[in-house]
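Here is the structure we will look at, set down as structure tokens.
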Ligand SMILES: *Cc1c(COP(=O)(O)O)cnc(C)c1O
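In our numbering, the protein residues as written are 876 to 1285.
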């Protein structure tokens, strides 16, 4: 091969057949995708379930498409492997789950608008409510429907985002006692910090929550499900499990912090992969990409990966790695909207068509969510939900968990 030419790859760029495709056939999948391991998800739920006392319920928080995986697939796996209930933030997310035939209880986190409330009963959705004004409207809807409606009372114990203030319990509890048409299904609060070594503030929030519970009880309000823990609290604050825990991140095999407790066997669910689409030979002094941010000091072999910041990859330059042929290949130049370039000089086995791992394992190496979070100057949660929908979701391990096939994430 001439050094002036692009490499053509071994088995990848082979001659194709002569048949023109049927226009109604699915398009070929782009050579870049998010891979979701449903068997790992199922295993993680079994591990989490075993950590809980029998009487404690497991609520799976699958907001934002189950942290980027696709909520419908994830819900089915979770519910058949130990989860009892589901929670999302938006009405659209919840209705989509119902439309796909999911009947488990669904809790809407956050605060509703008054316009949303009348839509909840017809889809069997339960709101969290954290203000007297809104809970009165909910009670009025129940009266108009001639039945009771369920609610989880959201208590603000220091997060200062949503909820009835722990500090003002003597003001709002008497107002609740007037409401005749509501069913006190649950009461919850949310930790501002539960996964760091210092549990001081978590302890303060726990005390405030306990205080509100006893004030409610004194007023004759006895919610059935008391819940406080997210993944961090579930791992590190077993005395705060109450009647239910709310798990999101951990179910996906990712720990909320470096310091929280580890669970044996937990496996990351989400990987991101692509196939090398071109390989360029660089001479001394040649540069790579927009702005000429990388210049070769010696001859280099550069692989082009067909994924960029338009797919959610962090917009870094000359920073980070991908895995190719079982090796770590460093990024060179800046990440573009649709492509990024890596140095393959030391990896002769890499060729056009080779699979590159941008998140996940290959051979002995791993690019973990936290590594990408550092590149993105953000948190693991943001990395998981940051993969855009133009990356197809490919589900593997489905046969092992007994769920039914469903379309890819729209
Ligand atoms: C997202 C969320 C959770 C789940 O948190 P993880 O850290 O992902 O387990 C629990 N409760 C509420 C209110 C949330 O918003």
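Cβ atoms here follow ideal geometry from the backbone N, Cα and C, with glycine treated the same way.
- In the same chain as residue 907, and ignoring 5 residues on each side of it, the C-beta atoms closer than 7 Å to its own belong to 1149, 1181, 1182, 1186 and 1266, in chain order.
- Sequence-distant Cβ neighbours of residue 1087 in its own chain, meaning closer than 6 Å and more than five residues away, are 1030, 1041 and 1044.
- For residue 1038, the closest alpha carbon among the candidates 1019, 1020, 1008 and 1014 is that of 1008.
- According to DSSP, residue 1154 shares a beta bridge with 1178.
- Nearest C-alpha to residue 988 among 1209, 949, 1003 and 1069: 1003.
- Set against 6 Å, the gap from the CB of residue 1254 to the closest heavy atom of ligand 1 is not smaller.
- Taking C-beta atoms under 8 Å as the contact rule, residue 1069 and residue 1107 qualify, at a distance of about 3 Å.
- Below 8 Å, too few C-beta pairs join the region 1161-1170 and the region 1129-1139 to call them touching: fewer than three.
- Residue 1271 has 912 as its beta-bridge partners, per DSSP.
- Our two residues, residue 1251 and residue 1192, have alpha carbons roughly 11 Å apart in a direct line.
- For residue 1131, the shortest C-beta to heavy atom distance toward ligand 1 is below 6 Å.
- The Cβ atoms of residue 1145 and residue 1197 lie no closer than 7 Å to each other.
- Contact annotation: residue 1051 and residue 1102 have beta-carbon atoms that are not nearer than 7 Å.
- The DSSP-derived three-state label of residue 1089 is helix.
- The C-alpha of residue 1203 is placed about 38 Å away from the C-alpha of residue 968.
- Residue side-chain check: residue 1027 keeps its Cβ at 6 Å or more from all non-hydrogen atoms of ligand 1.
- Within the same chain, Cβ atoms closer than 6 Å to the Cβ of residue 977 are found at 950, the five residues on either side in sequence being excluded.
- Remark: the C-beta of residue 1168 is outside contact range of ligand 1, defined as less than 6 Å to any heavy atom.
- Residue environment: residue 912 is assigned as buried (16 or more neighbouring CB atoms within 10 Å of its CB, all protein chains considered).
- When distances are taken from the beta-carbon of residue 1065 to the heavy atoms of ligand 1, the shortest one is below 6 Å.
- With respect to the C-alpha of residue 1189, the residue from 1028, 1033, 1271 and 1255 having the closest C-alpha is 1255.
- Not a single heavy atom of ligand 1 lies less than 6 Å from the C-beta of residue 1229.
- Counting along the chain, the unbroken alpha helix (DSSP H) around residue 1012 starts and ends at 1007-1020.
- DSSP, reduced to helix, strand and coil, places residue 1109 within a helical segment of the structure shown.
- Pairing residue 1078 with residue 928, the inter-Cα distance amounts to about 21 Å.
- In this structure, residue 1231 places its C-beta atom within 7 Å of the C-beta atom of residue 1199.
- Within a 10 Å sphere around the beta-carbon of residue 1134 sit fewer than 16 other beta-carbons, which makes this residue exposed.
- Of 948, 986 and 985, the smallest CA-CA separation from residue 973 is found for 948.
- Where residue 1063 is concerned, the enclosing beta strand (DSSP E) starts and stops at 1057-1063.
- For residue 1012, the CB contacts under 7 Å within the same chain, skipping 5 residues up- and downstream, are 989 and 992 in chain order.
- Contact check for residue 982 against residue 962 passes: the beta carbons are separated by less than 7 Å.
- In its chain, beyond the 5 residues on either side, 1041, 1067, 1076, 1079, 1080 and 1083 have a beta carbon closer than 8 Å to the beta carbon of residue 1033.
- Per DSSP, reduced to three states, the secondary structure at residue 1255 is helical.
- Excluding residues up to 5 positions away in sequence, 1209 lie with their Cβ nearer than 7 Å to the Cβ of residue 1166 in the same chain.
- The region 1178-1219 contains no complete alpha helix (DSSP H) run of 4 or more residues.
- Secondary structure of residue 921 (DSSP, three-state): helix.
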